[in-house]
Every structure is written in structure tokens, then in C-alpha cells.
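Trainee: Here it is, the structure in full.
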């Protein structure tokens with residue numbers, strides 16, 4: 002339990018430091034988390050158009066494997082933050098026929114991509 006808590010705190014610090022990059026776009030600090038999550042999930046969704054199984058396996062490898070150290074927990078929490086939304090959408094799309102799967106994967110990527118512009122337009 003102690004390793005899990007320390008891993009979560011380290012992951013929050015890392016995600017916070019990475020999200021501060023978006024303050025250069027005049028997005029205020031707490032909202033930079035949203036911009037970071039949407040950006041990383043959009044990148045993962047773009048990769049998942051071609052390599053869908055690979056994105057699912059990478060996420061599961063980080064999140065579901067047995068954790069023996071603090072850094073295993075850190076990588077797990079970072080994977081949840083950076084590609085959690087994409088993982089759950091891709092697991093649903095993976096059950097669909099190929100053509101419908103790819104069309105909806107492209108549509109999902111476009112939704113995430115345009116959400117980034119909406120976040121930037123608010124500020």
C-alpha cells in the first residue's frame with residue numbers, strides 16, 4: 002500500500018510537470034491537465050488507427066501486470082492518465098467488423114483532435 006501511494010504521488014508530480022508545457026499556450030494551470038490528457042489520447046488514437054492491438058497490449062502491459070516496485074506503479078498511473086480513454090474506446094471498437102472499426106477509429110481521433118482546438122479556443 003505504501004508503494005502504491007508513493008507511486009501515485011510521483012505520477013501526479015510527473016504529469017503536473019509535463020502539463021505545465023501548455024501554460025505557454027495561455028491555458029491556465031488546472032486546465033492543462035485536460036489539454037495533456039486530450040493530446041496524449043489523440044496521439045494514441047491516431048496510432049490505434051493502424052496498430053490497434055498494439056495500443057491495447059501496451060496499455061494492458063503497463064496497467065495489469067503485477068507491480069513489484071514503486072516505478073511499476075508510476076508507469077501504471079501514467080499509462081492510465083495518458084491513454085486510458087483511448088484504451089476503453091479501442092477495446093469496444095476491436096469487437097466490430099474491420100471497416101466499421103477503422104471508420105469509427107478515425108472518427109474518434111477526429112473528435113479528440115477537434116476537442117483540442119475547443120480547449121484552446123476557450124482560453
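Residue numbers (the numbering used here): 2 to 124.
Here a beta-carbon is modelled for each residue, glycine too, at the ideal position from N, C-alpha and C.
Please report how far the alpha carbon of residue 29 lies from the alpha carbon of residue 119, in whole angstroms.
Mentor: Distance between the alpha carbons of residue 29 and residue 119: 14 Å.
Trainee: Candidates 9, 122, 100: which alpha carbon is nearest residue 64's?
Mentor: Of 9, 122, 100, the residue nearest in Cα terms is 9.
Trainee: Any contact between the segment 68-78 and the segment 2-19? By contact I mean 3 or more CB pairs, one from each, below 8 Å.
Mentor: As far as the Cβ criterion goes, the segment 68-78 touches the segment 2-19, which means the pair count is three or higher.
Trainee: Helix, strand or coil: how does DSSP classify residue 3 here?
Mentor: In the structure shown, residue 3 sits in a helix (DSSP, three-state: H, G or I).
Trainee: Looking at the unbroken alpha helix (DSSP H) that takes in residue 82, where does it start and where does it end?
Mentor: Run containing residue 82: 71-94, per the alpha helix (DSSP H) assignment.
Trainee: Quick one: any contact between the segment 35-50 and the segment 79-89, if contact means 3 or more CB pairs under 8 Å?
Mentor: Judged by Cβ distances under 8 Å, the segment 35-50 makes contact with the segment 79-89, as three or more pairs qualify.
Trainee: DSSP three-state label for residue 97, please.
Mentor: Coil.
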